Each structure stands twice: as C-alpha cells, then as structure tokens.
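S.K.:
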Amino acid sequence: MQEELQNYYLSQKEPNKSCLLALRDIILDQDSNITETRKWGMPCFCYQKKMFCYLWTDKKTDEPYILMVEGKYLDHPKLETGDRSRMKIFRIDPIDDLPVKTIIGILQQALDLYRSGRIKA
Numbered sequence: 107m108q109e110e111l112q113n114y115y116l117s118q119k120e121p122n123k124s125c126l127l128a129l130r131d132i133i134l135d136q137d138s139n140i141t142e143t144r145k146w147g148m149p150c151f152c153y154q155k156k157m158f159c160y161l162w163t164d165k166k167t168d169e170p171y172i173l174m175v176e177g178k179y180l181d182h183p184k185l186e187t188g189d190r191s192r193m194k195i196f197r198i199d200p201i202d203d204l205p206v207k208t209i210i211g212i213l214q215q216a217l218d219l220y221r222s223g224r225i226k227a
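The following block contains the structure:
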C-alpha cells in the first residue's frame with residue numbers, strides 16, 4: 107500500500123478505520139485488475155485504469171460509504187442517488203457487521219459493466 111493511502115486509513119478513528127480497511131480488502135479481492143490510488147483526498151479504486159469506486163465518510167454522519175462511479179447503471183435498493191446524476195453511494199454502519207454479500211453483489215454488478223464493455227475500460 108502506498109504510504110499516502112496507508113496514512114489516510116491509519117488517520118481514521120475507530121470504528122471507521124477498521125471498517126474502511128475491511129472494505130478496501132473486499133474491493134481489491136473482487137478482481138485482479140482493480141488497483142488503488144488516491145483522488146480528491148479519498149481512496150479511489152480503478153478497474154483497468156478506469157475509475158470504479160471510492161471510499162469516503164459522510165461529512166454529517168461520519169459514517170463510511172462506497173461511492174460507485176457508474177452508479178446510474180446499477181439497480182439495488184440500498185444504493186442512494188441523492189443529488190448526483192452519475193454516481194450512487196452505499197452507506198455502511200461501521201458498528202454493525204459488514205453486509206459482505208450485498209457489497210460483493212453491488213461490486214460485481216458494477217464490474218460486469220466494465221467487463222461487458224458497456225463502460226469502456
């Protein structure tokens with residue numbers, strides 16, 4: 107892990123730190139073509155160098171979420187659009203057990219957009 111990214115994760119307070127690190131591992135485990143970088147101050151995950159998703163915390167609630175870059179193509183009841191036209195977020199309660207199956211399902215649905223060519227990678 108790059109030092110800049112490591113510092114981002116390690117600077118988070120618990121329970122967010124553990125939650126974000128677990129989410130990082132889940133995301134990276136989905137496909138060997140996923141890489142991690144940092145954009146706009148937040149961890150960014152790319153699929154074949156194309157932005158795929160981000161990890162961030164809500165400024166109001168301080169709870170982590172996964173931001174899906176091509177969220178407008180994803181259909182899941184737990185994804186929120188808010189005032190975004192392209193992206194959707196999946197909120198995470200850092201105190202509860204991670205809904206791993208749901209997270210993996212959303213990530214795989216998004217990855218299929220890239221793998222199928224619907225989103226050019």
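Be aware that the sequence shown starts at 107, since it is given in our numbering, and climbs by one per residue.
Backbone N, C-alpha and C fix where the C-beta goes; we use that ideal spot for every residue, glycine too.
Given the structure is predicted, the values throughout are model-derived calculations rather than measurements.
Use the C-beta contact count for Val206: other C-beta atoms within 10 angstroms, 16 or more gives buried, fewer gives exposed.
M.R.: By one-based count along the sequence shown, residue 206 stands at place 100. Classification for Val206: exposed.
S.K.: Report all residues from its chain with a CB closer than 6 Å to the CB of Leu219; omit the five preceding and five following residues, and keep chain order.
M.R.: Translated into positions along the sequence shown, residue 219 becomes position 113. Excluding sequence neighbours, Leu219 sits near Glu176, Tyr179 and Ile225.
S.K.: What does the Cβ neighbour count give for Lys194, buried or exposed, with the cut at 16 atoms within 10 Å?
M.R.: Counting from 1 along the sequence shown, the entry for residue 194 is found at position 88. Counting Cβ neighbours within 10 Å, Lys194 comes out buried, since at least 16 surround it.
S.K.: For Tyr102, list the residues DSSP reports as bridge partners.
M.R.: One cannot answer for residue 102 here, as it falls past the ends of the chain, which runs 107 to 227.
S.K.: Between which two residues does the alpha helix (DSSP H) holding Arg130 run?
M.R.: Within the sequence shown, the letter at position 24 stands for residue 130. Taken as a continuous stretch (DSSP letters only), the alpha helix (DSSP H) holding Arg130 covers Asn122 to Leu134.
S.K.: Here's a check: name, in chain order, each residue in its chain whose Cβ is nearer than 7 Å to the Cβ of Ala128, leaving out the five neighbours to either side.
M.R.: The residue labelled residue 128 in the question sits at position 22 within the sequence shown. Result list for Ala128: Leu204, in chain order.
S.K.: With a CB to CB cut of under 6 Å and the five nearest residues on each side skipped, what residues in its chain are close to Glu110?
M.R.: Position 4 of the sequence shown, counting from 1, holds the residue named residue 110. Result list for Glu110: Arg144, in chain order.
S.K.: Who are Trp146's beta bridge partners in DSSP?
M.R.: Locating residue 146 in the sequence shown gives position 40, counting from the first residue. BP columns for Trp146 are empty, so no partner.
S.K.: Does DSSP put Leu217 in a helix, in a strand, or in coil?
M.R.: What you label residue 217 is simply residue 111 of the sequence shown in a count that begins at 1. The answer is helix: DSSP assigns Leu217 an H, G or I state.
S.K.: Does Pro149 pass the burial test, meaning 16 or more other C-beta atoms within 10 Å, or should it be called exposed?
M.R.: As a position in the sequence shown, residue 149 is number 43, starting the count at 1. Pro149 is buried by the Cβ-count criterion.
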